[in-house]
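*Asks:*
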């Protein structure tokens with residue numbers, strides 16, 4: 001057949017990427033083999049999946065494998081597979097351009113820390129290009145399964161601005177990648193070196209990774225002996241998926257390397273669990289909790305989830321139906337014995353077996369976290385600092401496990417700056433006569449600690465939980481009590497300390513409300529566009545005023561958060577509470593600038609809780625006028 005060649009230019013992002021890869025990752029070059037073997041394995045998985053509906057794709061060669069070979073004389077290393085292969089257009093699309101939007105993120109995150117950079121390579125799907133770390137030329141020959149033998153393709157490039165594509169005759173389906181090694185990378189022309197890298201990174205791959213078998217040949221006529229190839233292939237990895245092996249046969253190092261491979265993390269996991277579940281639904285779970293949260297953890301739209309296999313056949317990454325959204329940080333593998341091999345994402349949502357797997361995985365992860373909380377306090381503190389905020393989402397998403405989740409939550413408090421106080425700890429310290437767990441939500445710890453709403457609680461020595469995660473306000477809507485004790489926001493409703501407030505205090509509050517009524521009425525009129533109500537309060541000690549909302553109302557903090565997120569927000573008019581004993585408030589009734597002072601009091605109360613006046617310029621003008629008169 002006539003060979004048609006064409007020379008094409010790399011997409012601009014690929015050219016930039018190649019420059020970064022070859023210059024940033026040279027200190028950890030062996031990752032190229034991990035990535036190319038992983039890609040070869042994925043190609044075999046894809047063939048196996050497509051062949052479910054089209055068995056003819058196997059072309060009388062159903063034994064899937066990956067082979068690694070080298071030629072010392074030519075200084076080449078070849079990684080080949082008999083997987084799905086590439087058509088010519090797929091070679092151009094997949095090897096000359098990068099469609100993934102994450103590429104820019106990848107390049108932005110290359111930091112010069114080679115250990116971390118090496119993990120990013122796989123995370124952003126650009127592992128093929130890691131071959132240029134060790135090679136100054138790469139040649140790819142491939143034929144897609146099902147295409148005639150005269151529709152093979154050869155792709156070649158020196159990793160600069162261009163690549164060449166040509167038609168070739170190719171009997172074997174699948175792909176061969178030949179690396180022309182740089183001089184400084186020729187230590188990879190060594191069977192022992194290659195086997196050690198494969199064992200380190202790719203031992204868990206369920207396909208056999210084969211290399212040519214070698215044996216020792218004695219030298220003749222006083223010549224030294226040497227290792228020579230026998231022409232036979234031998235499997236150099238375990239060739240069994242890690243999760244299918246017994247736990248007693250797997251070392252911690254093997255678990256850690258497997259985790260790093262599937263998560264693209266450079267650190268070992270914080271905790272893991274490996275179990276075979278039998279019964280009405282049978283499956284194996286191998287789940288990991290990372291040590292660090294990913295940078296995009298709070299992007300709920302990003303695909304997340306564990307890898308799904310059915311009878312050791314890879315089905316999909318990010319099987320979201322197998323894990324609740326609030327546990328989206330969990331990495332791992334679920335291998336089901338019951339699901340059909342052609343299961344789709346839509347079918348996953350409806351399957352009873354999937355529901356059972358999801359419940360089982362959720363309980364197993366919560367058990368891991370509980371074990372850390374009960375027996376490994378330092379490790380749990382590390383976990384909570386990374387994932388505590390996302391765990392709280394479960395209060396609204398997982399009614400069945402709400403009580404378990406509530407026991408795992410930790411907060412700072414008015415008596416402890418560290419995020420270490422549980423609801424149970426708080427209850428154990430409650431004062432005699434106290435009948436509620438008090439809390440306050442705020443944007444920052446300093447804002448919560450210094451809130452005027454805490455003044456009466458501080459005066460009486462009542463502990464208040466300080467909640468400063470953005471999710472807290474929403475999550476607490478789903479948790480009204482803990483172990484029979486109601487939760488009460490100190491910024492909602494009229495303050496009622498029950499038995500903790502003596503009769504004299506209650507009487508004084510009632511009398512203040514009556515005596516101060518004319519001033520309260522004037523304040524209500526002056527602030528009718530801002531405040532739902534104005535009332536005297538006993539919750540304030542040092543401050544002249546504060547803002548609260550009704551017990552069932554939306555807090556001003558939540559309203560601000562929703563507004564910032566572009567969500568529709570109903571009008572929230574707070575209640576202004578006045579400290580009738582404060583010197584400023586006592587002078588208010590006699591002031592000739594009553595309305596201006598009323599607005600200043602309201603706006604200062606708004607500032608104290610982290611909000612901003614609707615008209616900052618008007619606030620500044622009123623304060624300046626007051627200062628001039630002073």
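Residue numbers (full-length UniProt numbering): 1 to 630.
Ideal placement from N, C-alpha and C gives every residue a C-beta, glycine not left out.
Residue 217 to residue 191, Cα distance in whole Å?
*Replies:* 16 Å
*Asks:* What does DSSP give as the partner residues of residue 466 in its beta bridges?
*Replies:* Looking at the DSSP assignment, residue 466 forms a beta bridge with 412, 440.
*Asks:* Which whole-angstrom value is the C-beta distance of residue 555 and residue 418, which I expect to be below 8 Å?
*Replies:* 25 Å between Cβ atoms; not a contact.
*Asks:* With H, G and I counted as helix, E and B as strand and the rest as coil, what does DSSP make of residue 29?
*Replies:* Coil, per DSSP.
*Asks:* Just the Cα atoms here: how many angstroms apart are residue 610 and residue 443?
*Replies:* 7 Å
*Asks:* Can you check which of these residues, 596, 613, 606, is closest to residue 625 by C-alpha distance?
*Replies:* The shortest Cα separation from residue 625 among 596, 613, 606 belongs to 596.
*Asks:* Would you mind reading off the limits of the alpha helix (DSSP H) that contains residue 599?
*Replies:* In the DSSP annotation of this structure, the continuous segment of the alpha helix (DSSP H) that includes residue 599 starts and ends at 594-608.
*Asks:* For residue 169, is the classification buried or exposed, using 16 other Cβ atoms within 10 angstroms of its Cβ as the cut-off for buried?
*Replies:* Under a 10 Å Cβ-count criterion, residue 169 is classified as exposed, with fewer than 16 other Cβ atoms of the shown protein chains found around its own Cβ.
*Asks:* So what's residue 486 in DSSP terms, helix, strand or just coil?
*Replies:* For residue 486, the three-state secondary structure derived from DSSP is strand.
*Asks:* Rounded to a whole number of angstroms, what is the C-alpha to C-alpha distance between residue 95 and residue 483?
*Replies:* 58 Å
*Asks:* Might you give, ordered along the chain, the residues of its own chain that have their beta carbon closer than 8 Å to the beta carbon of residue 439, omitting 5 neighbours on each side?
*Replies:* Closer than 8 Å at Cβ, skipping near neighbours: 411, 464, 465, 466, 467, 476, 487, 488, 489, 490.
*Asks:* Looking at C-alpha atoms only, which residue of 392, 416, 399, 401 is the closest neighbour of residue 409?
*Replies:* 392
*Asks:* On the three-state DSSP scale, how would you describe residue 363?
*Replies:* The answer is helix: DSSP assigns residue 363 an H, G or I state.
*Asks:* Can you name, in chain order, every residue of its own chain whose Cβ lies under 6 Å from the Cβ of residue 450, other than the five neighbours on each side?
*Replies:* none
*Asks:* CA-CA distance, residue 388 and residue 379?
*Replies:* 13 Å
*Asks:* Using 8 Å as the threshold, is the stretch 55-71 in touch with the stretch 200-210, meaning 3 or more CB pairs across them?
*Replies:* By the C-beta criterion, the stretch 55-71 is judged to be in contact with the stretch 200-210, since at least 3 inter-stretch pairs fall below 8 Å.
*Asks:* Quick check on the burial criterion: 16 or more other C-beta atoms within 10 angstroms. Buried or exposed for residue 89?
*Replies:* By the 16-neighbour rule on beta-carbons within 10 angstroms, residue 89 is exposed.
*Asks:* Work out the CA separation of residue 354 and residue 652 for me, nearest whole Å.
*Replies:* Because the chain is modelled from 1 through 630, residue 652 falls outside the range shown and cannot be assessed.
*Asks:* In its own chain, which residues sit with a C-beta less than 7 Å from the C-beta of residue 134, not counting the 5 before and 5 after it?
*Replies:* 29, 32, 179, 181, 182, 185, 188
*Asks:* Looking at the strands, I want to know which residues DSSP matches up with residue 275.
*Replies:* Bridge partners of residue 275: 285.
*Asks:* Short check: CB of residue 579 to CB of residue 540, under 7 Å?
*Replies:* Less than 7 Å separates the beta-carbon of residue 579 from that of residue 540.
*Asks:* As an exercise, report each continuous beta strand (DSSP E) stretch of at least 3 residues that is fully enclosed by the stretch 520-593, in chain order.
*Replies:* 533-536, 545-548, 575-578
*Asks:* Between residue 213 and the rest of its own chain, which residues show a CB-CB distance below 6 Å, the 5 nearest in sequence each way excluded?
*Replies:* Result list for residue 213: 230, 232, 234, in chain order.
*Asks:* Please specify which runs of the beta strand (DSSP E), each continuous and at least 3 residues long, are wholly inside the stretch 131-184, giving them in chain order.
*Replies:* Every beta strand (DSSP E) of 3 residues or more that sits fully in the stretch 131-184 is shown, in chain order, as 135-143, 152-157, 162-168, 174-181.
*Asks:* At what residues does the beta strand (DSSP E) containing residue 319 begin and finish?
*Replies:* Unbroken beta strand (DSSP E) run through residue 319: 313-319.
*Asks:* Strictly by DSSP, which residues pair up with residue 211?
*Replies:* 68, 234
*Asks:* Between residue 534 and residue 547, is the Cβ-Cβ spacing less than 7 Å?
*Replies:* Here residue 534 is not near residue 547, since their CB atoms are 7 Å or more apart.
*Asks:* What residues in its chain sit with their C-beta under 6 Å from that of residue 520, if we drop five residues either side in the sequence?
*Replies:* 534
*Asks:* Which residues share a DSSP beta bridge with residue 332?
*Replies:* 287
*Asks:* For the alpha helix (DSSP H) that contains residue 472, what are its first and last residues?
*Replies:* 472-475
*Asks:* With distance defined between alpha-carbon atoms, name the residue in 294, 328, 337, 298 nearest to residue 314.
*Replies:* Checked all of 294, 328, 337, 298; the closest Cα to residue 314 is 337.
*Asks:* Where do the ends of the alpha helix (DSSP H) carrying residue 201 lie?
*Replies:* 191-201
*Asks:* Quick one: what does DSSP say residue 79 is sitting in, helix, strand or coil?
*Replies:* strand
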